[in-house]
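**Student:**
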Amino acid sequence: MVPEPRPNPNLEAYDMEGLTIGTICSHSALQIFHGARQEGFPTIGITKADRKEMYGSFPMGRPDEFMVVEDFDDMLKPSFQRELID
0 MVPEPRPNPN
10 LEAYDMEGLT
20 IGTICSHSAL
30 QIFHGARQEG
40 FPTIGITKAD
50 RKEMYGSFPM
60 GRPDEFMVVE
70 DFDDMLKPSF
80 QRELID
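Quick note: the sequence shown, position 24, residue 23 per our numbering, numbers continuous.
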């Protein structure tokens with residue numbers, strides 16, 4: 000008999016009701032957004048302004064919300080990190 004899987008203890012520290020899945024918009028991200036939506040998680044896509052329209056055009060794979068950056072290095076700034084957490 001296969002034992003029932005137990006949740007990873009590290010996940011206990013997270014508020015699973017308030018968890019949002021976020022990633023940089025890319026071809027692979029479309030699958031991440033789609034899977035997160037199927038599991039009931041809200042999603043955030045991080046992209047540059049000139050790419051937002053393209054990633055928004057995939058109904059099943061677009062994120063619920065976009066965070067637009069001028070440069071992907073902006074994600075390393077403390078202000079951006081705070082915005083992600085909030």
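Beta carbons: idealized from backbone N, C-alpha and C, even for Gly. Only a predicted model underlies this, so the values are computations on that prediction, with no experimental measurement involved.
What number of angstroms, rounded off, separates the C-alpha of Pro2 from the C-alpha of Asp49?
**Tutor:** Using only the alpha carbons, I get a separation of about 48 Å.
**Student:** Checking the sheet assignment: what are the DSSP bridge partners for Thr19?
**Tutor:** DSSP lists no partner for Thr19.
**Student:** Using a Cβ-Cβ cutoff of less than 6 Å, which residues in the same chain neighbour Phe32 once the five nearest sequence positions on both sides are dropped?
**Tutor:** For Phe32, where only same-chain residues beyond five positions count, the Cβ hits under 6 Å are Thr42, Gly60, Pro62.
**Student:** Thinking C-beta only, is Thr19 closer than 8 Å to Gly44?
**Tutor:** The answer is no: Cβ separation not under 8 Å.
**Student:** Can you tell me whether Tyr13 is buried or exposed, with buried defined as 16 or more other CB within 10 angstroms of its CB?
**Tutor:** Its Cβ having fewer than 16 others within 10 Å, Tyr13 is exposed.
**Student:** The alpha helix (DSSP H) that contains Lys76, what's its start and end?
**Tutor:** Segment: none, Lys76 is in no alpha helix (DSSP H) and carries neither H nor E.
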